[in-house]
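Protein chains in written order, with this note's numbering: chain C, 669 to 1124; chain S, 669 to 1124.
Have a look at the structure below before the remarks.
Next comes the structure, spelled out in C-alpha cells:
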C-alpha cells in the first residue's frame, strides 16, 4: 500500500450524515477525507430512473416542518422542495369495501376510532415522560424496554381495526414489525419525532415536502463541493487508534487523521475491525442493532389518472401487498407514480407476506398491481413501468434505519454516540430528534462535527 | 488469483460443526475443502493456557446425557471425558447471608421455591406444545414470539428471589438478557434441550461431563484427519452460484465446488456476499440474529482448597460479578480453578454490570476476587493466576450463540437451515435439539452433510 493520505478528520460513509459532517468541518477550516464503500454517494437516499429524465426516489424522500437542520441544509445547497401531492379524497379499504375520506385519519368505525384515540393518547402521555437525550433514565425505562411495542399494542388495543391501523403506521415509518422493537425505543421516537400525528401526517407533518430532483441531490451537491476529498469504492476494513492519531484502512487508501467520524448505521459499523477493541457496550450495540426491512414498490402511469377522479392517490388498506399507498409523481405531474412499501416484517394477521411475494419479483409485481386495481380501478392494472427498490439486498447497507433489540436501550444507553477515544459517531441512528429521518442524519453530523471541533 | 481449487464440497468455518460435516462427507467419499477465517480451528471452543500444561476452556465445555451426537463423536475420535466436579456442598448467597446446600436447587425461601416450581411447570407445559422442528406452528406461536421471555417472567414471577434465579439460569445458559429474546424461542430451546432441570443440572444433566484436554480437542482431532483440506487464515468474502456449481472466494484461495456448507452462526454468515442475492427471509434472519454476550472469568489456585472444606465450588449469589460459580479444575485436581460468567446483559435489578466492570480488566478482576472471597473465604483473594475470555471481542466471531430477535422466529421460520440452491447451512444455531450446545453443532453438521449427499 502507498503512503497514507494525511488529513485532520477521516469520515467513513458518504451518506447525508457523513457528507454533512465533512462540509461542516471544512467550513471550520479542517481538512477531511470521506471514504465510501459503494460506487455512489447518498447512502439510503437514491434515485431510480423512470424514463426521459423522470426519477422516483428509492430511499428516504420526505421532509417536513420541525426538521430544521435538513431544511436549512437544503437552503444552503440551493435545493428546492415541493409539496407532496395530497389534494382530493383518500381511500380506506377494509374487508372488501372502499370508503373515501379527507385528512389524516381514515374512517374507521366509531369504536375503532375511539380505540385509536385512546392508544395515541396513552402512547403520547408515556412518551412525554421519556427524556429526549437520555431515554434510559425514564422512571419506567426498564419495564418499557423489556416489552415489545407489539406486545404493548396487543395488550392495549381493544379493536382489531385500530390495532391494524397503528401496526400499519408503525411498519411503514419504522420498516419493521412492532414486535421486534421495545416500547421504550418507540416512545423515544414518538417524543423525538414530534408526536404521532406529526409523524404520520403529510400536510403539516413529516411527509409534507419532497426535494426537487430527489433527496439524493443533497449528497450529490455536498460531494460536488468536497471534490476529491470523497473517495468511492473504498470499504473501510480497519480503524487503528494510537496516542498520536488514528489510521483508517480501506480497500483503496489508508488515511491517517487526528480523528475519525463513523457515519454509518451501528449495524454497518460492525464490519470495521477496531484496534484497540471497542468498549463492550459499543461492540454489543453494533451487533444487536436490528436493521429495518423494507422495499419500495412503484407503479408508473402515463399520467396521475386518479387525480382526475378527485383522488389524492393515498390509500390505506387490508389488501395483501398495497397496505399503504401514496402519490409519488414528479412535481409537474408529467407522469403518475403510485408508491407502496413492502416489509419482511408485518405483525398480526394479514401482514405476513408470503414467500412468493418476498422472493419472486413477478408475483410481487402482480400482487401489487392487483391491489392497486382494487383501490384505483382498472387503469391501475396497466402501468407503463414497474420499479422496486429492496433495501435488504444492498451490499454495503444492511437495511433501513431499524432499531435496538428490546432490552438494549437500557443496557447500552448512549453507546450509539459516545466517542471512543478518537472515534466519533454520526448517522441518523445517533440523533435524538427525528431519529431515522433525513433531519436526524444532518443533526447527528453537526453534533459529531462539533465534538471533533471542540475536543482536543 | 491463482486457479480455483476444485472440490466436491466447500465448507466455511472450522468449528466443530464445519469440521464434523467435512468428516462425514469424506467418509461418504466426497472431497472437501474447509475454509477458516481465523488462524486456529475450534470456533467457539478454545483452550487457555494456565501453566505447566494445565489448560482451562474459554468456550463451550460441557456435554451430558441426551447429547448423543457429540458423545458418539467423542468416542469415534478416541477422546475421553471426565465428570464435572460437584461433590460436597454448594453455596447460596443472598442479601449478605450464605447457606450451604446439596443438589440442584438452592435453598430459596419456601415462597420463592414454590414460585420457582410454578414458573418451571408453566414453562415446561407451554414448551410441550411447541413442535421441535417447526416451532412457528405452535398454536400460540405468534403471541409467544411477540413477547420477550423477560417480560413473561416479569409478569408471571411472584417473588423477586425466584425471578432472580430464573434470570441467572437463563443468562448463564443463553449468554443474554431474557428481555432480548422471545418466549417462543426460549420454549423451543427448553423443548429441544430436554427440559429446564436437564439444562441446568450438572449430575445427570447438560453439564455432567467435560472433555480431557478441552473440547477444542474435538476440532483439532477432526482437523488432523482432514490434513490440508483445512485452510486457515482465509476469511470467505463471496459465494457465487451458477448453473454448474458454486465459487467460494476467500482471502487466500478460491474454491470451486458442487455445493457449499456454511457452518457459521447466522450473524457471522452475514459477512459473506452472496450472488445471486439470498432470499429475503434468509438475508434478514442473518441481520436480525442477536449474538450472545458472555465472558468467562477464571481464578486459578495452587489447589482446589474449597474441596477440603467440603465445598463443591458451585455457588449461586446476588453478588455484583460472581453470580454463578463452578469448579473448573483439571481432572486430576492438580490446580484449583473457579469459573464464573459475565455478560453485558443481565436483567432487572442487580444484573446490570457497571461500565468499569465491563471495560476495565483490573476492576473486573478485583470485583471477581472480592466476590469469590465472600463466597469461599480469604484464600480466594490470592489466586496464582487470573484469566478471562471475552467472546464479544473476537475478530471473526460475533459472540456466543444468541438467538433471533422477538418476532423473527415466526417471520423467518426455517430460513436458518433451508438450503438456498447449492448453499447448505450448519452450525449449532441450525439444530433443532440441543441448539446452542456442542451437540447441536454436531447434529446440524450431520444433517447438512446428509442434505449434500442426498441432493443432486
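We treat Cβ as the ideally placed atom computed from N, Cα and C, and that holds for glycine.
Note that the structure is a prediction, hence the values are computed from the model and not measured.
### Query
Of all the residues that make up the segment 928–945 of chain S, which are near chain C by a beta-carbon distance shorter than 9 Å?
935, 938, 939, 941 and 945
### Task
Could you please give the first and the last residue of the uninterrupted beta strand (DSSP E) stretch that includes residue 909 of chain C?
904–909
### Message
Within 10 Å of its beta-carbon, does residue 750 of chain S have 16 or more other beta-carbons around it, so buried, or fewer, so exposed?
### Response
exposed
### Task
Decide if the segment 1108–1122 of chain S is in contact with the segment 929–948 of chain S; the criterion is three or more beta carbon pairs, one per stretch, under 8 Å apart.
yes
### Query
What are the start and end residues of the alpha helix (DSSP H) that includes residue 892 of chain C?
884–894
### Query
Does the distance from the C-beta atom of residue 1052 of chain C to that of residue 800 of chain C stay below 8 Å?
Between residue 1052 of chain C and residue 800 of chain C, the C-beta gap is not smaller than 8 Å, which leaves the two residues out of contact.
### Message
Quick check: residue 1010 of chain S and residue 994 of chain S, are their CB atoms within less than 8 Å of each other?
### Response
no
### Query
To the nearest whole angstrom, what separates the beta carbons of residue 944 of chain C and residue 991 of chain C, a pair I think is in contact under 8 Å?
With 8 Å as the limit, residue 944 of chain C and residue 991 of chain C do not qualify as a contact, their Cβ atoms being about 47 Å apart.
### Message
If you follow the alpha helix (DSSP H) that residue 929 of chain S is in, where does it begin and where does it stop?
### Response
Counting along the chain, residue 929 of chain S sits inside no alpha helix (DSSP H); it lies in the beta strand (DSSP E) bounded by residues 927–930.
### Message
Measuring CB atoms only, is the segment 702–717 of chain C touching the segment 731–743 of chain C, in the sense that at least three cross pairs come out at less than 8 Å?
### Response
No, they do not touch.
### Query
Buried or exposed: residue 802 of chain S, going by 16 or more other Cβ atoms within 10 Å of its Cβ?
exposed
### Task
Name the one or two DSSP bridge partners that residue 771 of chain S has.
None; residue 771 of chain S has no bridge partner.
#### Entry: Any C-beta of chain C under 8 Å from that of residue 1018 of chain S
For residue 1018 of chain S, the pLDDT reaches just 37, beneath the cut-off of 50, and the residue's location in the model is therefore unreliable, although a value from the coordinates is still provided. Not one chain C Cβ lies under 8 Å of residue 1018 of chain S.
### Closest residue to residue 840 of chain C among C/981, C/1107 and C/1070 (Cα-Cα distance)
C/1070
### Query
What does DSSP give as the partner residues of residue 870 of chain S in its beta bridges?
BP columns for residue 870 of chain S are empty, so no partner.
### Task
Kindly indicate which residue of S/719, S/686 and S/727 has the alpha-carbon position closest to the one of residue 963 of chain S.
S/727
### Query
Is the Cβ-Cβ distance between residue 866 of chain C and residue 874 of chain C less than 8 Å?
yes
### Task
Kindly provide the ranges of any beta strand (DSSP E) runs that are 3 or more residues long and lie completely inside the segment 971–1020 of chain S, ordered along the chain.
979–985, 992–995 and 1004–1010
### Task
Report yes if the CB atom of residue 1041 of chain C is closer than 8 Å to the CB atom of residue 1031 of chain C, and no otherwise.
no
### Message
Counting only Cβ pairs nearer than 8 Å, list the residues of chain C close to residue 854 of chain S.
### Response
Residues of chain C passing the Cβ test: none, with the nearest at roughly 13 Å.
### Task
Check residue 715 of chain C in the structure and name its three-state DSSP category.
strand
#### Entry: Three-state class that DSSP yields for residue 1093 of chain C in the structure shown
strand
#### Entry: Rounded straight-line distance, which links the Cα of residue 1107 of chain S to that of residue 694 of chain S
20 Å
### Task
Buried or exposed for residue 777 of chain C, please, with buried defined as at least 16 other CB atoms from any protein chain shown within 10 angstroms of its CB.
Burial call: exposed.
### Message
DSSP three-state label for residue 684 of chain S, please.
### Response
helix
### Query
So is residue 1034 of chain S in contact with chain C if we call contact Cβ pairs under 8 Å?
no
### Task
Report yes if the C-beta distance between residue 1075 of chain S and residue 847 of chain C is below 8 Å; otherwise report no.
yes
### Task
Quick one: grab the DSSP three-state call for residue 754 of chain C.
coil
### Query
Short check: CB of residue 1046 of chain S to CB of residue 1004 of chain S, under 8 Å?
Not closer than 8 Å, so no.
### Query
How would you write the range of the beta strand (DSSP E) that residue 941 of chain S sits in, first residue to last?
Taken as a continuous stretch (DSSP letters only), the beta strand (DSSP E) holding residue 941 of chain S covers 941–943.
### Query
Does the segment 740–748 of chain S come close enough to the segment 869–887 of chain S to have 3 or more Cβ pairs within less than 8 Å?
yes
#### Entry: Runs of alpha helix (DSSP H) wholly within the segment 1060–1089 of chain S (minimum 4 residues, chain order)
1076–1080
### Query
Quick one: does residue 683 of chain S have its CB under 8 Å from some CB of chain C?
no
### Message
So, for residue 952 of chain C: in the same chain, excluding its five sequence neighbours on each side, which residues have a beta-carbon less than 7 Å away from its beta-carbon?
### Response
1080
### Query
If you measure beta-carbon to beta-carbon, which residues of the segment 1063–1081 of chain C are closer than 9 Å to chain S?
Listed in sequence order: 1063, 1066, 1067, 1070, 1073, 1074, 1075, 1076, 1078, 1079 and 1080.
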